[in-house]
Structure formats: C-alpha cells, structure tokens
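So the number in our numbering is just where the residue sits in the sequence shown, counting from 1, plus 12.
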Amino acid sequence: MTLTNDEIARYSRHLLLPEIGVEGQEKLKAAKVLIVGTGGLGAPLALYLAAAGVGTIGLVDFDVVDESNLQRQIIHSTRDVGRPKVASAKDRIKGINPLVNVVTHNAMLTSQNALEIIAAYDIIADGTDNFQTRYLVNDACVFLGKINVYGSVFQFEGQASVFGAKDGPCYRCLYPSPPPPGLVPSCAEGGVMGVLPGIIGTIQAAETIKLIVGGAKPLVGRLLIFDAWRMTFRELKLEKESECPVCGKNPTIRELIDYEQFCGLKKAPDSKPIDTITALDLKKRLDNGDRIQFIDIREPHERAIVKFPGALVMPLGQLVRRMDEIDPSIDAVFLCKIGRRSILGIEALREAGYAGKLLNLEDGLNAWARDVDTSMPIY
13 MTLTNDEIAR
23 YSRHLLLPEI
33 GVEGQEKLKA
43 AKVLIVGTGG
53 LGAPLALYLA
63 AAGVGTIGLV
73 DFDVVDESNL
83 QRQIIHSTRD
93 VGRPKVASAK
103 DRIKGINPLV
113 NVVTHNAMLT
123 SQNALEIIAA
133 YDIIADGTDN
143 FQTRYLVNDA
153 CVFLGKINVY
163 GSVFQFEGQA
173 SVFGAKDGPC
183 YRCLYPSPPP
193 PGLVPSCAEG
203 GVMGVLPGII
213 GTIQAAETIK
223 LIVGGAKPLV
233 GRLLIFDAWR
243 MTFRELKLEK
253 ESECPVCGKN
263 PTIRELIDYE
273 QFCGLKKAPD
283 SKPIDTITAL
293 DLKKRLDNGD
303 RIQFIDIREP
313 HERAIVKFPG
323 ALVMPLGQLV
333 RRMDEIDPSI
343 DAVFLCKIGR
353 RSILGIEALR
363 EAGYAGKLLN
373 LEDGLNAWAR
383 DVDTSMPIY
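Dropping the structure here:
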C-alpha cells in the first residue's frame with residue numbers, strides 16, 4: 013500500500029525514523045488488528061494504534077459505558093454513558109484518524125464466534141479483564157496461528173507479554189490453570205489505579221506496532237511486570253512449555269472448550285445454591301418488622317466510602333473464626349459491594365458447619381443504593 017500526500021504529512025514523525033520509514037508505515041496501513049475489550053487497556057490501545065495509522069482496527073465488546081469507567085477508560089466520555097462501548101470507541105478513533113477502517117463487533121467473544129472473528133485479523137491485542145476470555149483468546153490465537161499481545165492490570169500492578177509467536181510461549185505456558193473463582197477480585201471489586209491501564213495498554217500498542225513493522229525485539233518469552241505505586245519494572249523470562257496442552261509437542265486441547273466451566277464459574281449440578289434476596293424484597297421484610305442481622309464483610313477502606321447502619325462488621329478473612337458472633341436463630345444477610353465476595357463468605361461458613369439461614373444481598377450494597385436508599389453512593 014502506497015502512502016498519499018495527506019498520509020505522509022500525518023505520519024511524518026514515523027517516516028523520519030529509519031526503523032519505521034515509508035516501508036514500515038505502509039505495513040501499518042495494511043495491518044489488521046483486533047482489540048478484545050474497549051475498557052482500561054483497550055482505550056489507549058485503540059487510540060495509539062489509530063494515531064499510528066493501523067489500517068484496520070477491530071473492536072470486540074458487548075458492554076455499555078458506565079460512569080465508573082471514566083476514571084481510566086479514556087476513549088469514552090461523560091456524554092457516552094449508556095452507549096455501547098464499541099460505538100463510543102469508534103467515534104473517538106474516527107475523530108483522531110478518519111483514515112482508519114474501524115470494524116465493530118458488539119458481542120461477547122465466545123467459543124462459538126471467536127475463531128470466525130479472530131481469523132480476519134493479523135494481530136490480536138487482549139484487553140480483557142477476566143480469566144475465561146483470556147484463555148479463550150489464547151487458545152483461539154494458537155489454533156489460528158495469530159500473535160496475542162497480552163496485558164492485564166490489578167490495583168497498582170500490570171503485566172504485558174507477547175504470546176503465540178513461533179517458538180514462543182502461550183498464555184497457558186505461563187498460567188496452566190486459572191485461580192480458584194473469587195481468589196483474584198476483579199477491578200470492580202479490588203480497584204485499579206486509573207493511570208495503570210493507560211501505561212500497560214500503551215505498552216501493548218508499542219508491541220503491536222513493533223510486530224507489524226518488524227526488526228525490533230518484542231516481549232516474546234518475556235513477562236514485563238510494572239508496579240505503578242513503587243514505580244518499578246521487572247522482567248521474567250518465559251519458556252515455551254513442551255507439555256503445554258495447547259501449544260506443546262503433544263497438545264491435548266485441539267478445539268475451543270467451555271471456558272466458564274474451565275475457570276470454575278459453573279456450579280456443579282449437585283451443589284447447593286446460595287439463597288439470595290433482592291434489595292426491594294429485603295426492604296419489604298424490614299418494613300414488616302422481620303428480625304434480620306446484617307453482616308458487612310468489606311474491608312475498612314471500603315466501609316469508609318459508605319456504611320450500612322446496624323451491620324455487624326466482619327471482614328471476609330475473619331468470618332469463620334468469628335462465626336459464633338452470628339446468631340443462628342436469626343436470618344443473616346451478607347453485604348459487600350456487588351454481591352460476589354459475600355457468596356464466598358457464605359460458602360466458607362457452610363463448610364465450617366454454620367447452621368443458620370444465610371442470605372446474599374443480590375448485587376450488593378450498590379443495589380440497595382440504587383433501588384432503596386438513593387442517598388447512599390454507588391461506587
């Protein structure tokens with residue numbers, strides 16, 4: 013692909029770099045990159061790849077813009093709240109560089125559509141925030157022979173690497189199996205420093221540009237670890253595992269699987285379901301005078317944001333050793349931000365032999381603030 017005069021003017025700072033030059037810019041123009049997720053990582057990825065002149069950028073996301081996204085997802089703005097993220101991101105990309113072809117996939121990436129979507133692109137940039145999609149992207153890239161530019165963030169720490177290259181490791185070589193469900197909180201539960209995904213996403217963009225242009229040393233076989241709080245970089249050497257079930261010498265996984273089941277997100281058929289109660293139903297019971305005890309399992313820094321009146325404060329790690337403080341003759345409703353960690357608490361008490369009635373507040377304190385007490389903040 014030759015460059016027009018307008019493109020030469022737009023990308024002149026690239027053209028002056030002998031490592032990129034006209035040939036490299038033409039490669040960028042011809043490239044097709046798929047960004048999985050248009051959140052904290054996908055935002056800087058999309059912005060910088062668009063500015064760099066990547067010819068076709070695909071966006072995969074099924075979510076809509078929420079106000080809480082704006083602390084870090086800089087591709088979206090306040091006026092985009094409620095819009096599909098891929099639509100908001102496309103508008104911003106076109107505003108930066110109208111020459112870019114933007115293809116939107118307003119859908120969840122699944123085992124049913126991943127191969128078809130990914131096959132149309134040269135490089136895949138993984139900006140997801142959950143383990144099941146990371147394994148899905150990894151396996152699909154290995155099966156299709158695509159490069160996977162990986163990034164992840166949590167609180168103050170981020171990671172970046174390049175998987176799926178010839179003779180290089182894949183994501184499963186680093187993490188053969190996912191952690192137990194709930195062990196690693198999501199950003200929605202554990203938080204994330206706003207600038208961190210910007211830094212890691214920009215590193216992913218740099219790696220993508222280098223892979224397209226060629227002639228540079230990418231993060232193949234290397235895991236870059238960045239700590240924003242301490243402002244330190246570390247690098248770990250990664251080896252391709254000969255026994256890897258996907259990219260090893262004798263792979264045992266040859267097709268996409270059920271990744272929710274693989275990550276332990278599906279309950280066993282014989283498992284006892286967790287009893288839940290909605291915020292509105294809980295309000296009705298309180299109005300009727302029912303005796304209910306509230307157990308707030310959040311940590312002190314979270315309770316500083318908002319407190320629930322009359323709740324027994326019992327952080328998740330203290331539940332089992334303090335379960336004698338809970339009255340088994342009274343229904344106990346467990347409180348956390350969005351109703352996920354409280355499930356872990358209920359399961360822990362069950363395993364410890366607690367005999368009383370345990371209820372999980374569905375969608376947590378955010379649901380109470382949304383549906384019952386609108387004076388409380390949603391965070």
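Note that CB positions come from ideal geometry on N, CA and C, so glycine has one too.
Its chain contains V45, L57, L61, V66, I135, A137, V161 as the residues whose beta carbon lies nearer than 8 Å to that of T220, once the 5 sequence neighbours on both sides are disregarded; these appear in chain order. Around the beta-carbon of W380, 16 or more other beta-carbon atoms lie within 10 Å, marking it buried.
Around E251, the same chain offers P181, C185, G233 as residues with beta carbons nearer than 8 Å, after the five sequence neighbours per side are excluded. The residues V48, G49, R146, in chain order, have a CB closer than 6 Å to that of T140 in the same chain once the five nearest residues on each side in sequence are set aside. The C-beta of P191 has fewer than 16 other C-beta atoms within 10 Å across all chains shown, which makes the residue exposed. Ranked by how close their Cα comes to the Cα of A217, the residues A21, G52, S387 have G52 in first place. Scanning L268, P327, G54 for the CA closest to the CA of N125 turns up L268. By a beta-carbon distance limit of 8 Å, G54 contacts G213. Their separation comes to about 7 Å.
Inter-segment contact for the stretch 268-278 and the stretch 107-126 is present: three or more beta-carbon pairs are separated by less than 8 Å.
Secondary structure at Y60: helix, using DSSP grouped into helix, strand and coil. Each residue's CA atom was taken as its position, placing A131 and A43 some 13 Å apart. Of all alpha-carbon atoms in D308, A200, V72, Q305, the one lying nearest the alpha-carbon of L82 is that of A200. Non-local C-beta neighbours of T116 in its own chain, meaning closer than 6 Å and more than five positions away in sequence, comprise L71, V98, K102, ordered along the chain. Secondary structure remark: continuous beta strand (DSSP E) runs of at least 3 residues inside the stretch 264-305: none found. K369 and F274 have their C-alpha atoms some 31 Å from each other. Under the DSSP assignment, F155 falls in the alpha helix (DSSP H) whose first and last residues are 143-156. When beta bridges are read from the DSSP output, R234 appears opposite K249.
Y366 carries a coil assignment under DSSP once its states are collapsed to helix, strand and coil. The DSSP assignment places 113-117, 135-138 as complete runs of the beta strand (DSSP E) inside the stretch 86-143, in order along the chain (cut-off: 3 residues). In the same chain as I317, and ignoring 5 residues on each side of it, the C-beta atoms closer than 6 Å to its own belong to Y391, in chain order. Per the DSSP secondary-structure output, S173 pairs in a beta bridge with Y162. Where A344 is concerned, the enclosing beta strand (DSSP E) starts and stops at 343-347. With contacts defined by Cβ atoms closer than 7 Å, I87 and L111 do not form a contacting pair.
With respect to the 7 Å criterion, R95 and V114 are not classified as neighbours on the basis of their beta carbons. Rounded to the nearest angstrom, the gap between the Cα atoms of V174 and F168 is 21 Å.
DSSP lists no bridge partner for D383. According to the DSSP assignment, K44 belongs to the beta strand (DSSP E) that extends over 44-48. When Cβ pairs closer than 8 Å are counted between the two stretches, the stretch 292-310 is seen to touch the stretch 337-356, the count reaching three or more. Secondary structure note for L28: it is in no beta strand (DSSP E), with a DSSP letter that is neither H nor E. Remark: C-beta atoms of F74 and A21 do not approach each other more closely than 7 Å.
Between the stretch 193-212 and the stretch 290-305 there are fewer than three C-beta pairs closer than 8 Å, too few to call the two in contact.
Checking the DSSP bridge columns, you'll see D308 partnered with V325, L347. From the listed residues L328, Y183, I304, M13, the smallest Cα separation to P321 is found for I304.
Per DSSP, the beta-bridge partners of N372 are T288, F346.
DSSP places I69 within a strand segment (E or B) once states are collapsed to three.
If you look at R184, you'll find it in the alpha helix (DSSP H) that goes 183-186.
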